[in-house]
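Reviewing the structure listed below.
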Amino acid sequence: MKEVVSESIGRPTGARFPPGPKGSLVLGVMPEFNRDTLAFITRCREYGDVVRARFFYITCYFLYNPDDIEYVLSTNAKNFIKSMSVRSNFFHRLIGNGLLTSEGDFWRRQRRLAQPAFHRQRISSYGNTMVEYAERMLSLWKAGETRDAHRDMMRLTLEIVAKTLFNADVSGDADRVGRILADIVKPFASQATLKWIVDNRLPTPAHRRFHRLARQIDDIVYRIIEQRRAGGSDEGDLLSMLLQAQDEDGSQMTDKQLRDEVMTLFLAGHETTALTLSWAWYLLARHPEAEAKFHAELDEVLGDRAPTVADLPRLKYAELIAKESMRLYPPAYGVGRQAIDECEIGGYRITSGSQIFAFSWVTHRDPRFFDEPEGFWPDRWTEEFTNRLPKYAYFPFGGGPRGCIGNYFAMMEIILVLATIGRRFKLKLANRRPVEILPAMSLRPRDGIQVVLEHRRSARNY
Ligand code: HEM
């Protein structure tokens, strides 16, 4: 196997600005970026490890070297805030000043308050819900039928997050929040950069609709918070943890802060997980040898029973499937930052206010770090390979202080759901066409993933 080292291409030779595509006079690279985002950000790597690109009037830098990505996300994280796109009106109206969007001391306090809710032990108690809800979904599945696996995974992870967040079975309010959220996010899926920059400030019909839907969500979430405060009981869910969380000075979150965190967790906590599951089913269906290994593990570890949290250490191959799926299809395919003070990255001077992006979609497929980068090969993740890999050559959950707070929750959910479904059903692709990717806020299958269900042999009893 190729030696994995953090090589550099195109390091500066005294140039003031990093190289990059010129783009058009007014819009810069925006048309190219919008035409085919993934191809464009991949092509840009050919310019070097640090690439300069102008979007309309905004200068951006793309980072392709894991060391530089580590510098921005982790070692020098203090010099960076979230990028403009995250601070847009759209995000702000929806998730306010929640963990994903807040900054500075306020963010630090909120992260400290929320952290215990994501403690491994606390999260483990949600394992049963994950399996139970997946089983409930399977009770409606029938061998031979064609289903959209992406839609099913979205629905399932929404139900799971609603239950673990609000202790709500999604027949009621939480379901409505989910549906409105899905509705809200849809038009933005196809919105490209110019709209992010300009249009979302204009009173267009789409904009008015967005605010109307956001108000409806607010009403529901505030009502849930109010009821919970009045009831005063610990429901064992994330909302109870957040309600009880106290800072050292005894202060607690206000209703507005709670609302923002709840919305953040609702939004951040289900689509990303659903996407990983959807892409994993897609990849397994296209790689029968990996699928066979997955089934063999399930038969050996579980036999004829459903998985539990206690099985996680033995569901090793399922974990590698999750890892490799997120390498090829990282749901959050790019992370963005804005430089506070001028700094140097990869030998280039980066001015204050610059927008900086690292694209896991590209880095995860960089042949300098991954042999046969386009191949789905869960077995590549040996301990030796992982130890040799530069830390930020693989970053599906981001990293540093702003890294994903829900990564353990997500991994647990992905493995348990894969195992629960994989034990009973085989998902075969309904057609041979490769699924088209829609790089919206996250990496979605444009028209879902159509699968035909087949009973597993070992699951004859069902
Ligand atoms: C496969 C599933 C997931 C993926 C790929 C993912 C990915 C990410 C990434 C890349 C970031 C960092 C963004 C940045 O640096 O700008 C992040 C942050 C975050 N994620 Fe996740 N996430 C997943 C699941 C979850 C879940 C299940 C939850 C909660 C239940 C969650 C809650 C959050 C929150 C609150 C943040 C902001 C943390 C902070 O800034 O303090 N995520 N996630």
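The sequence shown begins at -11 in this note's numbering and counts up by one.
Beta carbons are placed, not taken as given, at the ideal position from N, Cα and C, and that holds for glycine.
Any non-hydrogen atom of ligand 1 within 7 Å of residue i CB
{"i": "K379", "result": "no"}
{"i": "L88", "result": "yes"}
Proximity to residue i [Cα-Cα], best of the options
{"i": "A6", "options": "V39, Q438, S12, V60", "result": "Sequence inspection shows Pro at residue 6; the Ala mentioned does not correspond to that position. When each option's Cα is compared against that of P6, the closest is V39."}
{"i": "L169", "options": "L87, W269, V209", "result": "V209"}
{"i": "D206", "options": "R376, G220, D243", "result": "D243"}
{"i": "L300", "options": "G410, K10, E401, D140", "result": "E401"}
{"i": "L201", "options": "D222, G166, Y35", "result": "G166"}
{"i": "M142", "options": "L128, P355, T264", "result": "T264"}
{"i": "R124", "options": "T145, L153, P422", "result": "T145"}
{"i": "L271", "options": "F43, L406, L126", "result": "L406"}
{"i": "Y336", "options": "L26, Y49, E34, S90", "result": "Y49"}
{"i": "L441", "options": "A131, T351, F345", "result": "A131"}
{"i": "A294", "options": "I172, P276, D225, E120", "result": "E120"}
{"i": "S112", "options": "Q98, L404, M429, F373", "result": "L404"}
{"i": "G391", "options": "T25, E58, K416", "result": "E58"}
{"i": "W269", "options": "F79, A137, F28", "result": "A137"}
{"i": "H275", "options": "G219, R420, V250", "result": "R420"}
{"i": "W369", "options": "K311, E330, L286, V74", "result": "K311"}
{"i": "K10", "options": "F44, T25, R23", "result": "F44"}
{"i": "R81", "options": "L426, A278, M251, A27", "result": "M251"}
{"i": "F106", "options": "E424, G387, L227, W349", "result": "L227"}
{"i": "R139", "options": "R444, E277, R432", "result": "R432"}
{"i": "Y380", "options": "Y52, L13, F28", "result": "Y52"}
{"i": "D171", "options": "E277, M314, R197", "result": "R197"}
{"i": "Q204", "options": "E223, G220, D235, R247", "result": "R247"}
{"i": "Y305", "options": "T351, D329, A256, G410", "result": "G410"}
{"i": "S239", "options": "R97, Y114, L308, S221", "result": "R97"}
{"i": "D367", "options": "I309, L253, R108", "result": "I309"}
{"i": "P104", "options": "D235, I425, S340, S62", "result": "D235"}
{"i": "Y321", "options": "R353, A327, L303", "result": "R353"}
{"i": "S73", "options": "S62, T47, D56, Y114", "result": "T47"}
{"i": "I455", "options": "F345, A428, L87", "result": "The question about residue 455 has no answer here: the residues shown for the chain are numbered -11 through 450."}
{"i": "I425", "options": "A327, Q326, W267, E371", "result": "W267"}
{"i": "F397", "options": "E34, A256, G219, F358", "result": "A256"}
{"i": "M241", "options": "F68, R302, R100, A41", "result": "R100"}
Per DSSP, cross-strand counterpart(s) of residue i
{"i": "C48", "result": "A41, Q343"}
{"i": "E330", "result": "Answer is none; E330 lacks a bridge partner."}
{"i": "F282", "result": "DSSP lists no partner for F282."}
{"i": "H443", "result": "F413"}
{"i": "F68", "result": "A327"}
{"i": "S12", "result": "G16"}
{"i": "L431", "result": "P427"}
{"i": "T134", "result": "V440"}
{"i": "R337", "result": "E332"}
Local Cβ density within 10 Å of residue i, reported as buried at 16 or more and exposed below that
{"i": "E389", "result": "Reading the sequence as shown, one finds Pro at residue 389 and not Glu. Exposed, by the Cβ-count rule."}
{"i": "D435", "result": "exposed"}
{"i": "F282", "result": "buried"}
{"i": "E259", "result": "buried"}
{"i": "I333", "result": "buried"}
{"i": "I437", "result": "buried"}
{"i": "F413", "result": "buried"}
{"i": "Q232", "result": "exposed"}
{"i": "P54", "result": "buried"}
{"i": "K151", "result": "buried"}
{"i": "N155", "result": "buried"}
{"i": "P422", "result": "exposed"}
{"i": "H199", "result": "exposed"}
{"i": "T25", "result": "buried"}
{"i": "F21", "result": "buried"}
{"i": "Q290", "result": "Before going on, a small fix: residue 290 reads as Leu here, not Gln. Answer is buried; the Cβ neighbour count reaches 16."}
{"i": "A280", "result": "exposed"}
{"i": "F94", "result": "exposed"}
{"i": "R4", "result": "exposed"}
{"i": "A298", "result": "exposed"}
{"i": "D384", "result": "The residue asked about is misnamed: residue 384 is Pro in this sequence, not Asp. Counting Cβ neighbours within 10 Å, P384 comes out buried, since at least 16 surround it."}
{"i": "A262", "result": "buried"}
Residue i Cβ short of 7 Å to ligand 3 heavy atom set
{"i": "I338", "result": "Summarising the ligand content, the structure contains ligand 1 and does not contain ligand 3."}
CB contact below 8 Å: residue i versus chain B
{"i": "A278", "result": "Of the chains in the structure shown, none is chain B; there is only one protein chain."}
Point to revise | Residues proximal to ligand 1 by C-beta, any heavy atom closer than 5 Å | key: L87, L88, R99, L253, A256, G257, T260, T261, T264, P319, A320, V323, P384, F385, G386, R390, C392, I393, G394, F397, A398
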